[in-house]
Amino acid sequence: MIDVQLLRTQLDEVAARLATRGVPFDTDGFRALEIERKAIQTRTQELQSARNAHAKKVGQAKARGEDTTVLVAEAGGINRELGELEARLADAQRQLNDFLAGVPNLPHASVPVGKGEADNVEQRRCGAPREFEFAAKDHVDLGEGLGQLDFALGSKIAGSRFVVMRGALARLHRGIAQFMLDLHSTEHGYTEVYAPYIVNADSMYGTGQLPKFEQDLFIVPRSEEKWYLIPTAEVPVTNIVRDTIVPGESLPLKFVCHTPCFRSEAGSYGKDTRGMIRQHQFDKVELVQVVRPDASYDALEALTAHAETVLQKLDLPYRVMALCTGDIGAASAKTYDLEVWLPAQKAYREISSCSNFEAYQARRMQARFRNARGKPELVHTLNGSGLAVGRTLVAILENYQNADGSVTIPGALRPYMRGQERIEKEAA
RNA sequence: GGAAGGGUGGCAGAGUGGUCGAAUGCACCGGUCUUGAAAACCGGCAAGGCGCAAGCCUUCGAGGGUUCGAAUCCCUCCCCUUCCGCCA
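Quick look at the structure:
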């Protein structure tokens, strides 16, 4: 949630900055809602004050043993008007809240202004793409050739955009996640977390998936309300601090969490339909930080570097992109994407997204710490993939493939493969 | 799934219709004392909203209801604890 004070005091500047996202901000609509809200709120509070004073008088009169019939009758009049106004106030506040809940975060001043993907700015590259002396296959051909990756089976069991892995490939997939968890928890200072894969609506609202992006989620129906399958560990892990005041000295909080992620991918029909790039279910190791506001941009650089370390240790070529205003997520103030080289596509593809949300999520979650003056203040939250496990598997298959269709296992992962050096076709 | 008991400030925990935004303790902040610290003593100390301010309003798990007036009474739901059942 954007700071409503900012909208009240600097509406035009804020609207102009929001407009760089390519989503028009309705300043007139906001002004109208504000004027309405303010008028109703002022009058409602006057009446509430009158009611309270009146009720007190009745109490005092009763205590003195006086007759209260007249006073009570007067209160009836106040309450009739008040009842109506309170309903209108609730309505006005709900409208304003709905409006605010849909307003994206303000992009940080350092975010390049642009319309879309093409305007993202490359920050750096690491590792040179390997030259193949044979025609590089994509991960689908490689995995199916090895007999260890089965999309048809995924479709039979669940539907399109699901996959079944088996044997060494399934083990490698597990090993990748373990490797990442170990790296971040032992070398980067993150506390490992295990968290629910199903969350309630409050949690989804807190991190910003609701109310606007319900169509991207898998819903688990429940009596009265709904549960949701998490689209990323960001949701359960960041919500650890929802509705809490964290002791200032315990900041920063750094969590790493491996979970499956579930995304309905509504609206992306026909996009990345081949292979494991875009699945309804995939695993991801997520990094989450909760920090003091003055530390969040340093934390973003550090967190991004932590994610990059994984790619470096796996010797996978990648580049870092600063997303432009038109491409960053709604809740984010600044985002770096890590893109890994995929030889078959001859392109860099997203494998991690690292964002600073500043107080946007914290405000929705009421996640605070006690500042030097002893007053509660909103924390800043960040997260980034460290990394997407499925896409890392894809990158390893494609970058480490051999002419005979086998795949060399990167050295860093061999401890997780009982020392195995290559994945080869297994007897069925 | 059944039974019982609970959800109150950062934490613990009083409060069963009015002067309760809420005792008390802990924690925290300021002061006295002390070479310094501790202890002791004194004072302060919930959050959010509106307002230039004085101040006003809201909030005792959530929502609804009764009442002139609800933390307190009634209804529904959620959550927690203990016991029983079932179960990885």
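Take 0 as the starting number for the first sequence in the working numbering and just add one per residue.
Glycine residues also receive a C-beta, built at the ideal position from the N, C-alpha and C atoms.
Here S267 is exposed. Its C-beta has fewer than 16 other C-beta atoms within 10 Å.
When the beta-carbon positions are compared, S202 and V234 come within less than 8 Å of each other.
Its chain contains I39, Q40, T43 as the residues whose beta carbon lies nearer than 7 Å to that of L88, once the 5 sequence neighbours on both sides are disregarded; these appear in chain order. Between the C-alpha atoms of H138 and Q344 there is a straight-line separation of about 10 Å. Under the 10 Å beta carbon count, R160 is surrounded by 16 or more other beta carbons and is classified as buried.
Take the alpha-carbon of V284 and the one of R173: they are about 11 Å apart. Distance from the Cα of L6 is smallest, within the candidate group E349, T26, Y296, T272, for T26. Take the alpha-carbon of R124 and the one of A321: they are about 12 Å apart. Contact annotation: L46 and L70 have beta-carbon atoms that are not nearer than 8 Å. In the three-state reduction of the DSSP assignment, D326 falls in the coil class. For K56, the enclosing alpha helix (DSSP H) begins and ends at 26-62. Pairwise C-beta distances place the region 346-363 in contact with the region 374-383, as three or more of them are shorter than 8 Å. Within a 10 Å sphere around the beta-carbon of G113 sit 16 or more other beta-carbons, which makes this residue buried. With distances taken between CA atoms, S109 lies nearest to Y296 out of R318, Y296, L315, V388. With a cutoff of 8 Å on beta-carbon distance, G410 and L145 are scored as not near each other. Counting only the Cα atoms, A306 lies some 12 Å from A298.
In this chain, I239 is not harboured by any alpha helix (DSSP H), its DSSP state being neither H nor E. For Q288, the enclosing beta strand (DSSP E) starts and ends at 280-290. Assigned with DSSP and collapsed to three states, M320 falls in strand.
With contact defined as three or more Cβ pairs closer than 8 Å, the region 239-259 and the region 187-195 are in contact.
By the C-beta density criterion, D11 is exposed, having fewer than 16 other C-beta atoms within 10 angstroms. Each of D97, I175, V388, V13 was checked against the Cα of I350, and the nearest Cα belongs to V388. Beta-bridge analysis with DSSP links A387 to K283. Annotation: E85 is outside any beta strand (DSSP E); the continuous alpha helix (DSSP H) that includes it extends over 68-100. Contact between L171 and L148 does not hold, since the beta-carbon distance rounds to 11 Å and is not under 8 Å.
Annotation: C260 to I218 spans about 13 Å, alpha carbon to alpha carbon. The beta carbon of K211 sits closer than 8 Å to the beta carbons of A100, G101, A329 from its chain, once the five residues preceding and following it are set aside; these are given in chain order. D140 sits in a helix when the DSSP states are folded into three classes. Taking each of P342, I395, R363, K424 in turn and checking the Cα distance to E132, the smallest one comes out for P342. For Q214, the three-state secondary structure derived from DSSP is helix. Secondary structure at A135: coil, using DSSP grouped into helix, strand and coil.
Residue pairing by DSSP places P259 opposite D282 in a beta bridge. Between the alpha carbons of D282 and R36 lies a gap of roughly 45 Å. Boundaries cannot be given for Q344, as no alpha helix (DSSP H) includes it and DSSP labels it neither H nor E.
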